[in-house]
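Keeping their order, the protein sequence lines are chains P and X.
Its first residue numbered 556, the first sequence is counted upward by one per residue in our numbering.
Its first residue numbered 1410, the second sequence is counted upward by one per residue in our numbering.
Positions of the beta carbon are idealized from the N, C-alpha and C atoms, including for glycine.
Source: prediction; values computed, not measured.
Note sheet for the following structure.
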Amino acid sequence: GQQLNQSPQSMFIQEGEDVSMNCTSSSIFNTWLWYKQDPGEGPVLLIALYKAGELTSNGRLTAQFGITRKDSFLNISASIPSDVGIYFCAGRSNTGNQFYFGTGTSLTVIP
Amino acid sequence: GAGVSQSPSNKVTEKGKDVELRCDPISGHTALYWYRQSLGQGLEFLIYFQGNSAPDKSGLPSDRFSAERTGGSVSTLTIQRTQQEDSAVYLCASSFGTSYGYTFGSGTRLTVV
Chain P
556 GQQLNQSPQS
566 MFIQEGEDVS
576 MNCTSSSIFN
586 TWLWYKQDPG
596 EGPVLLIALY
606 KAGELTSNGR
616 LTAQFGITRK
626 DSFLNISASI
636 PSDVGIYFCA
646 GRSNTGNQFY
656 FGTGTSLTVI
666 P
Chain X
1410 GAGVSQSPSN
1420 KVTEKGKDVE
1430 LRCDPISGHT
1440 ALYWYRQSLG
1450 QGLEFLIYFQ
1460 GNSAPDKSGL
1470 PSDRFSAERT
1480 GGSVSTLTIQ
1490 RTQQEDSAVY
1500 LCASSFGTSY
1510 GYTFGSGTRL
1520 TVV
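Below is the structure:
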């Protein structure tokens, strides 16, 4: 199945720093999602994007639907220890029945 | 229910045995998905159910894997003659339809020894 390229694979940052991660696809998608997974839990939906160029915020999180419709970005501002986890992007095309997931970005926040 | 419920949360089985994993989706969600997550890896699509339509089984890795969804609600993923490479976390998700984001369960951690 299709897999999305997500980068970076892992990040180690100081508390208070901002974080940026991105996801790219070889296909055009009409919906992008961003999830966070805590250890031992299933992924939890953070932000959903439905339109090219759309910029959506959820607290300290901001995500953007790329203009080319082949990429998406997630930014976290002023990171805190509870931001630790694995962040996944997911995309879906107009004709698809399922979302394809990225390989994940593991975030570690150092207090 | 309030969320997607999966059982058991952990399963240890001997190589060659069959296992059944259960998923109880959110009430009213018509779409149900099974994914597999190996250690440190992303999410691998296995199978998808939408209403009364034929399931999309394109992600099942071998004929040892099968799934059913009874009455448009509870789903069971069955792995026959388990192998060590089947060890992973099996995640179930549901949604109102294919256009909507999924709600995931906490997963079943399967260990084949």
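Residue closest to residue i, alpha-carbon to alpha-carbon, out of the options
i, options, result
"X:LEU1459", "X:HIS1438, X:TYR1444, X:ARG1445", "The identity of residue 1459 of chain X in the sequence shown is Gln, whereas the question assumes Leu. Among X:HIS1438, X:TYR1444, X:ARG1445, the Cα nearest to that of X:GLN1459 is on X:HIS1438."
"P:SER627", "P:TRP589, P:SER648, P:SER661, P:TYR655", "P:TRP589"
"X:TYR1442", "X:SER1504, X:SER1508, X:THR1517, X:ARG1518", "X:SER1504"
"X:THR1520", "X:GLY1412, X:ALA1411, X:LEU1430, X:SER1414", "X:LEU1430"
"P:PHE643", "X:ILE1435, X:GLN1489, X:LYS1466, X:GLN1450", "X:GLN1450"
"P:SER562", "P:GLU572, P:LEU600, P:ASP573, P:ASN577", "P:ASN577"
"P:LEU629", "P:GLY571, P:ARG615, P:TYR655", "P:ARG615"
"X:ARG1473", "X:CYS1501, X:GLY1425, X:PRO1417", "X:GLY1425"
"X:TYR1457", "P:ASN649, P:PHE654, P:GLU572", "P:PHE654"
"P:ILE641", "P:GLU570, P:GLY621, P:GLN564", "P:GLN564"
"P:ASN649", "P:LEU559, P:GLY571, P:SER575, P:SER582", "P:SER582"
"X:GLY1480", "X:SER1418, X:PRO1417, X:CYS1432, X:ASN1419", "X:CYS1432"
Assigned exposure category for residue i - 16 Cβ within 10 Å defines buried
i, result
"P:SER637", "exposed"
"P:GLY610", "The question names Gly, yet the displayed sequence has Leu at residue 610 of chain P. The residue is exposed, with fewer than 16 neighbouring Cβ atoms inside 10 Å."
"P:GLN592", "buried"
"X:TYR1444", "buried"
"P:TYR605", "exposed"
"P:ALA618", "buried"
"P:GLY708", "Since the first and last residues shown for chain P are 556 and 666, residue 708 of chain P lies out of range."
"X:GLN1415", "buried"
"X:SER1436", "exposed"
"P:ASN634", "At residue 634 of chain P the sequence reads Ser, which differs from the Asn that was named. So P:SER634 ends up on the buried side."
"X:GLN1446", "buried"
8 Å contact criterion, which residue i and residue j should meet: CB distance rounded
i, j, result
"P:ILE568", "P:VAL664", "6 Å"
"P:THR586", "P:ALA603", "7 Å"
"X:GLU1453", "X:VAL1522", "With a Cβ gap of about 22 Å, X:GLU1453 and X:VAL1522 do not count as contacting."
"X:GLY1510", "X:CYS1501", "Going by Cβ atoms, the distance from X:GLY1510 to X:CYS1501 rounds to 15 Å, so no, they are not a contact pair."
Q: Closer than 8 Å, Cβ to Cβ, to anything on chain X: give me those residues from the segment 598-626 of chain P, in chain order.
A: PRO598, VAL599, LEU600, ALA603
Q: With 8 Å as the C-beta to C-beta threshold (strictly closer), list the residues of the segment 1458-1491 of chain X near chain P in chain order.
A: GLN1459, ASP1465, SER1467, GLY1468
Q.
Against chain X, which members of the segment 647-658 of chain P pass a CB distance test of less than 8 Å?
A. ARG647, GLY651, ASN652, GLN653, PHE654, TYR655, PHE656, GLY657, THR658
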